[in-house]
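Just so we're aligned: the sequence shown equals residues -20 to -1, 1 to 385 in mature numbering (1 follows the signal peptide of the UniProt record, and there is no 0).
Quick reminder that beta carbons are idealized off the backbone N, C-alpha and C, glycines included.
Since we're looking at a predicted model, the values are computed, not measured.
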Amino acid sequence: MDWRTCAAIVAAVILRQVLSFLFPSLHSILGQHVEVTTTMTSFKQMKEGLHLYEIGLSPYDGGVYHQAPIFLLLFKVAGKFGPTSPDSFITNVLYTFADIITAYFLCAISKSPKLAKTNQLPDWVVAAIYLFNPLVVATNISRSTAVLSNAAMVGSIAYACYNKNILSVIFLAVASHANFYTIYLVPPFLLLWTSTTNTSTASVTKYLFLYIMASGGLASIGYFMTGSWQYLSATYGSLLFFKDLVPNMGLWWYFFMEMFAFFRPLFTYIFQLYSLIYVLPITFRLHNYPLMAITCIVGITTISKSYPEIGDLGMYISLLSLFRFIFPNVRYALLAALVILHSLVLAPNFYHLWIYLGSGNANFIYAITLVYAIGMTLIVTDTLRAALRIEFDGGEDPSKSVIQI
């Protein structure tokens, strides 16, 4: 790690400490914004679940806490070193460390043999793109637990890139236990885990079995912590069946708010199927680029998941920074960036008009989430097209059109 990367990390640490010290109320303000945090990642709801757990009650009895039991265990241990309020020193250190370790993993991936390209971005640029991204900083300050699950996911990618597959399996199991949609990354991860060996049925089965065992172990920990399997319905059930009908940056909530209850099961399955249906085709089509397949699936779930937040976009942009070699073949970067910037600026204003001032309605915020989805779709499809162009002819002449007959 060179001095510029270290300087970027130190500057990022200082930025987070200064924001926490000068604006102590910023944590709660951002934590209330539906663009920044959701019911599946809310620090406030996590603290309520932790309180119920510490006094001997099930954290899922109140119908408020919908996150994985592993977060209760983490913050209970952290609480032994001091208070874990949003502005406390312990919480600040934990979230800052999570961002730093994520940046470190991204730098490691950038230099890995499985991403062997001569024109990669320097480490300090890769780290800075993540650490100073306003979306990532806002997610960190809001204390969204997505920061922690993203760190586990990126750690899994980094370990897979250096053939430390057992650690990669464990990190992926932790990430998918904390964030269910990470399970969609298992197919491209199987390609990563078996890339240095003969991709036989035996080797694929081996790593799939290890992943299932690790996930089962984490699920069992949740059972022993809560005393029942109720948490599965309260966490993954709430996410899959969209039980907590609250506005967010996704495409789900408005449909289900306007829909008759009779139709909800059908459209719940359709929406979840839409999230899942791209996984295997993208994995098969990009089997030579499993890291790109992982990035594309992350981008698609950012659009189609039931409870998205801006931190998902920040993570996706950080993963895209690893693929500098596709940038010359990207056509609509400026348009997509402007569309997303437009939606991110207007979303909190429209939500404020609707909820606080009463001078708007749900159409305001949903219209801007549609714009956000269009911008995300532009990025995902454009980068996917660029990756396929690289595979087709090396992308030596980006201005040259490719016509398939």
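Distance CB(residue i)-CB(residue j) smaller than 8 Å
i: Ser286; j: Gly207; result: no
i: Val226; j: Trp232; result: no
i: Val127; j: Asp79; result: yes
i: Ala132; j: Ala107; result: no
i: Asp103; j: Cys87; result: yes
i: Gly294; j: Val116; result: yes
i: Ser122; j: Val16; result: yes
i: Ile348; j: Ala316; result: no
i: His46; j: Thr76; result: no
i: Thr263; j: Thr125; result: no
i: Val310; j: Asp373; result: no
i: Gly217; j: Ala48; result: no
i: Ile89; j: Leu324; result: no
i: Tyr164; j: Ile277; result: yes
i: Ile280; j: Ile370; result: no
i: Leu271; j: Lys94; result: yes
i: Asn228; j: Pro288; result: yes
i: Tyr33; j: Leu52; result: yes
Straight-line gap, residue i to residue j (C-alpha atoms, nearest Å)
i: Asp224; j: Tyr336; result: 20 Å
i: Ile(-12); j: Leu256; result: 36 Å
i: Tyr142; j: Phe151; result: 14 Å
i: Gln(-4); j: Thr71; result: 11 Å
i: Leu170; j: Ser148; result: 11 Å
i: Ile359; j: Met26; result: 32 Å
i: Ala83; j: Arg304; result: 17 Å
i: Ala366; j: Ile290; result: 24 Å
i: Val44; j: Leu30; result: 11 Å
i: Val351; j: Thr248; result: 22 Å
i: Cys(-15); j: Leu253; result: 43 Å
i: Gly42; j: Ser213; result: 13 Å
i: Ile175; j: Ile109; result: Per the sequence shown, residue 175 should be read as Ser rather than Ile. Roughly 28 Å between the two C-alpha positions.
i: Lys346; j: Leu321; result: The question names Lys, but residue 346 in the sequence shown is Tyr. One C-alpha to the other measures close to 16 Å.
i: Gly196; j: Leu314; result: 44 Å
i: Pro167; j: Val259; result: 8 Å
i: Asn341; j: Tyr331; result: 8 Å
i: Met205; j: Phe112; result: 37 Å
i: Phe23; j: Phe3; result: 17 Å
i: His267; j: Ala273; result: 8 Å
i: Leu300; j: Lys60; result: 38 Å
i: Tyr312; j: Leu364; result: 12 Å
i: Ala155; j: Trp173; result: 17 Å
i: Leu54; j: Asp292; result: 22 Å
i: Leu368; j: Ile137; result: 21 Å
i: Pro245; j: Ala(-9); result: 45 Å
Residue i - DSSP class collapsed to helix/strand/coil
i: Ala48; result: coil
i: Met133; result: helix
i: Gly59; result: helix
i: Leu266; result: coil
i: residue 434; result: Examination of residue 434 is not possible in this model, given that the chain is present from -20 through 385 alone.
i: Asp103; result: helix
i: Tyr287; result: coil
i: Gly217; result: helix
i: Ile163; result: helix
i: Leu231; result: coil
i: Ser(-1); result: helix
i: Val278; result: helix
i: Tyr139; result: helix
i: Met272; result: helix
i: Val(-8); result: helix
i: Lys223; result: coil
i: Thr64; result: coil
i: Thr19; result: coil
i: Pro308; result: helix
Residue range of the unbroken alpha helix (DSSP H) whose run includes residue i
i: Glu28; result: 23 to 34
i: Phe112; result: Careful: Phe112 lies outside any alpha helix (DSSP H) and carries neither H nor E.
i: Met239; result: No alpha helix (DSSP H) holds Met239; DSSP gives it neither H nor E.
i: residue 431; result: What the structure shows of the chain is the stretch from -20 to 385, and residue 431 is not part of that stretch, so it cannot be assessed.
i: Gly294; result: 290 to 300
i: Asp(-19); result: From DSSP, Asp(-19) is part of no alpha helix (DSSP H); its letter is neither H nor E.
i: Leu6; result: 6 to 11
i: Asn72; result: 69 to 90
i: Val360; result: 342 to 373
i: Gly202; result: 181 to 206
i: Phe169; result: 166 to 173
Interface flag, residue i vs chain E, CB-CB below 8 Å
i: Ile121; result: Annotation note: the requested chain E is absent from the structure, which comprises a single protein chain.
Cβ-heavy atom distance, residue i to the ligand MG, below 7 Å
i: Pro270; result: Looking at this structure, you won't find the ligand MG or any other ligand, since it has none at all.
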